[in-house]
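Enquirer: Before anything else, here's the structure in question.
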Amino acid sequence: MQYNNIVAILGANSAAGKQIAECISKQYPVLIMDANKEVLLQSQKAIQSKHPAANITILECSKEASWEADIVIIAVEKEEEQQQIAERINEFTTCKIVIQIRPENNPMLHLQHKLPYAKFILVDWGNTAAIVEGKDEMALSVTGEIIHLSGLKPIFKKSLI
Numbered sequence: 002m003q004y005n006n007i008v009a010i011l012g013a014n015s016a017a018g019k020q021i022a023e024c025i026s027k028q029y030p031v032l033i034m035d036a037n038k039e040v041l042l043q044s045q046k047a048i049q050s051k052h053p054a055a056n057i058t059i060l061e062c063s064k065e066a067s068w069e070a071d072i073v074i075i076a077v078e079k080e081e082e083q084q085q086i087a088e089r090i091n092e093f094t095t096c097k098i099v100i101q102i103r104p105e106n107n108p109m110l111h112l113q114h115k116l117p118y119a120k121f122i123l124v125d126w127g128n129t130a131a132i133v134e135g136k137d138e139m140a141l142s143v144t145g146e147i148i149h150l151s152g153l154k155p156i157f158k159k160s161l162i
């Protein structure tokens, strides 16, 4: 099934970012963005060779990616970079789903306070499962679908965010 929502993956060169991009590009149009453009180009070519119908585009600016996307996934692995991205994209994420990917067993702070007008979802990304936390029912459902397509089992946790 093909979906119309455009998904931007900021930090697409991270392990989680690559996994998500490859797995959802058959169903969603995907925008990928990261600092290393050469690695992004290699990822794009690898995905398109496996899935010729994949709609995957490289963008160079997190603001542009956030502006064009319906769903924004922040997948960079360093907390400081996640904080900087959240500050840059804040004005472009009003009423959009923003998914923060936090590596397993990482005490990284959540970004909800930097993205107050987004439908914010926090995901603790593991090897076989991902713990999903948020308030918006539709955003939780979409996030669960993305995680499932990525090959992980979504586990929903009552949100305190």
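In case it helps, the working numbering puts the sequence shown at residues 2 to 162. Ideal Cβ placement from N, Cα and C applies to all residues, glycine included.
Could you please give me the residues that DSSP links to M34 through a beta bridge?
Expert: For the purposes of this step, residue 34 is taken as the residue at position 33 of the sequence shown. Answer is L11.
Enquirer: Taking just the CA atoms, how far does K154 sit from F93?
Expert: Here the question's residue 93 lines up with position 92 in the sequence shown. Here the question's residue 154 lines up with position 153 in the sequence shown. For F93 and K154, the distance between alpha carbons rounds to 30 angstroms.
Enquirer: Using a threshold of 8 angstroms, state whether the C-beta atoms of E1 and P108 are closer than that.
Expert: No answer is possible for residue 1: it lies beyond the span of the chain, which begins at 2 and ends at 162.
Enquirer: How many Å lie between M139 and Q85 at the Cα?
Expert: Within the sequence shown, numbered from 1, the residue matching residue 139 stands at position 138. Within the sequence shown, numbered from 1, the residue matching residue 85 stands at position 84. Each residue's alpha carbon lies about 26 angstroms from the other.
Enquirer: What do you reckon, are the CB atoms on Q59 and I25 nearer than 8 angstroms?
Expert: Numbered from its first residue, the sequence shown carries residue 59 at position 58. Numbered from its first residue, the sequence shown carries residue 25 at position 24. Note that residue 59 is Ile in the sequence shown, not Gln. Taking 8 angstroms as the cut-off, the Cβ atoms of I59 and I25 do not count as close.
Enquirer: State yes or no: is the C-beta of K120 within less than 8 angstroms of the C-beta of V133?
Expert: Residue 120 sits at position 119 when you count from the first residue of the sequence shown. Residue 133 sits at position 132 when you count from the first residue of the sequence shown. No, Cβ-Cβ distance for K120 and V133 is not below 8 angstroms.
Enquirer: Rounded to whole angstroms, what is the Cα-Cα separation between K136 and Q28?
Expert: If you number the sequence shown from 1, residue 136 lands on position 135. If you number the sequence shown from 1, residue 28 lands on position 27. Approximately 25 angstroms, taken between the alpha carbons.
Enquirer: Would you mind listing the beta strand (DSSP E) stretches within the region 40 to 85 that are 3+ residues and don't spill past its ends, in chain order?
Expert: Runs found: 57 to 59 and 72 to 75.
Enquirer: Using 8 angstroms for Cβ pairs, my map puts I72 next to A22. What's the rounded Cβ distance?
Expert: Counting from one through the sequence shown, the residue named residue 72 turns up at place 71. Counting from one through the sequence shown, the residue named residue 22 turns up at place 21. In fact, because the Cβ distance is near 13 angstroms, the residues do not count as touching under 8 angstroms.
Enquirer: Run through DSSP, which three-state label would G152 get?
Expert: Translated into the one-based positions of the sequence shown, residue 152 becomes position 151. In this structure, G152 counts as coil in the three-state DSSP scheme.
Enquirer: If you run the structure through DSSP and keep just helix, strand and coil, what is Q28?
Expert: Taking the sequence shown and counting its residues from 1, one reaches residue 28 at position 27. Under the three-state reduction of DSSP output, Q28 falls in the coil class, being neither helix nor strand.
Enquirer: If you check the beta carbons only, do E69 and I7 fall under 8 angstroms apart?
Expert: For this step, residue 69 is matched to residue 68 along the sequence shown. For this step, residue 7 is matched to residue 6 along the sequence shown. Cβ atoms of E69 and I7: closer than 8 angstroms.
Enquirer: Along the beta strand (DSSP E) that carries G135, what are the first and last residues, could you check?
Expert: Translated into positions along the sequence shown, residue 135 becomes position 134. Run containing G135: A130 to G135, per the beta strand (DSSP E) assignment.
Enquirer: Where E81 and E65 are concerned, what is the direct C-alpha to C-alpha distance, given to the nearest angstrom?
Expert: Residue numbering aside, residue 81 sits at position 80 when the sequence shown is read from its first letter. Residue numbering aside, residue 65 sits at position 64 when the sequence shown is read from its first letter. In a straight line, the C-alpha of E81 is about 20 angstroms away from that of E65.
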